[in-house]
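Chemist: Dumping the structure here so I can ask a few things about it.
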Amino acid sequence: MAWCSLRSLNGLTIDMGLLRTHSSLAAVGIGCVSVAGSTLWRSSSRRHTSPFACLSTSAITSLKEAVVTNKAPAALGPYSQAIKANNLVFVSGVLGLIPETGKFVSGSVEEQTEQVLKNMGEILKASGADYSSVVKTTIMLANLKDFKKVNEIYAKYFPAPAPARSTYQVAALPLDARIEIECIAALQNA
-6 MAWCSLRSLN GLTIDMGLLR THSSLAAVGI GCVSVAGSTL WRSSSRRHTS
44 PFACLSTSAI TSLKEAVVTN KAPAALGPYS QAIKANNLVF VSGVLGLIPE
94 TGKFVSGSVE EQTEQVLKNM GEILKASGAD YSSVVKTTIM LANLKDFKKV
144 NEIYAKYFPA PAPARSTYQV AALPLDARIE IECIAALQNA
């Protein structure tokens, strides 16, 4: 992600009312998000001198790199085990499959959770990250009643401060898994 400040353009400011009424300007690439305050969105005759910032991201394929390891289960479809982009690692949903066989370690949520986290650790390692690099996880459970069991195992893998996390019960998971976990990790600047 790149942050830019239009304030650095010798005091140039953009009249957001003008942008709203002239869509061709917005289509040229001035699609920015204001973090400077709501005064930028008001149209008036006075000159705006408030700072204006924008957040932009890029989907250029050269800015992303697939992470692949045979120490974790292969992707089950047209996706990568993980993608590295902008000093972040986005790990796809991981199942409790044994990498060599592609079969579940067992039917128990505890054993699947352990295997999910081991598989995730291998993907993180292949990307240059580890559990302490993880900033966000999302856990999907076939049954939310398994939450306490999963929490006990999960806590062993993530040192304090623990990552931000969301947990959901879902209608179904691939291959009838009991649990799936995805995560985002931050890489050290090279």
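Be aware that the sequence shown starts at -6, since it is given in the numbering used here, and climbs by one per residue. The C-beta atom is built at its ideal place from N, Cα and C for all residues, glycine as well.
(1) Does the count of Cβ pairs from the segment 136 to 150 and the segment 80 to 93 closer than 8 Å reach three?
(2) In three-state DSSP terms, what is valine 102?
(3) Alpha helix (DSSP H) containing tyrosine 161: first to last residue?
(4) So glycine 95 and proline 66 are supposed to be a Cβ contact under 8 Å. How far apart are they, rounded?
(5) Candidates Ile116, Asp169, Ala170, Ala135: which alpha carbon is nearest isoleucine 177's?
(6) Less than 9 Å between the beta carbons of glycine 86 and proline 167, yes or no?
(7) What alpha helix (DSSP H) runs, 4 residues minimum, are completely inside the segment 53 to 137?
(8) Does DSSP put alanine 148 in a helix, a strand or coil?
(9) At the level of alpha carbons, what is the spacing between proline 156 and leucine 180?
(10) Please report the distance separating the alpha-carbon of glutamate 175 from that of leucine 110.
(11) Note down the Cα distance separating alanine 91 from threonine 131, rounded to an integer number of angstroms.
(12) Just to confirm before moving on: does the CB-CB distance between alanine 119 and lysine 57 stay below 9 Å?
(13) Would you mind working out which of Asn182, Val127, Val163, Ala165 sits nearest tyrosine 147, comparing C-alpha positions?
(14) Can you name the residues that DSSP bridges to alanine 179?
(15) Can you tell me whether serine 1 is buried or exposed, with buried defined as 16 or more other CB within 10 angstroms of its CB?
(16) Report all residues from its chain with a CB closer than 8 Å to the CB of valine 98; omit the five preceding and five following residues, and keep chain order.
Modeler: Looking at the atomic coordinates:
(1) no
(2) helix
(3) No alpha helix (DSSP H) holds tyrosine 161; the beta strand (DSSP E) holding it covers 157 to 162.
(4) 6 Å
(5) Ile116
(6) yes
(7) 102 to 120
(8) helix
(9) 14 Å
(10) 10 Å
(11) As written in the sequence, residue 91 is isoleucine, which differs from the alanine given in the question. Cα to Cα, isoleucine 91 sits roughly 21 Å from threonine 131.
(12) no
(13) Val127
(14) Leu81
(15) Any reading at serine 1 must be qualified, since the residue scores a pLDDT of 38, below 50, and its modelled position is unreliable; the value itself is stated next. Looking at its Cβ environment, which holds fewer than 16 other Cβ atoms inside 10 Å, serine 1 is exposed.
(16) Gly89, Leu90, Ile91, Glu104, Gln105, Glu107, Gln108
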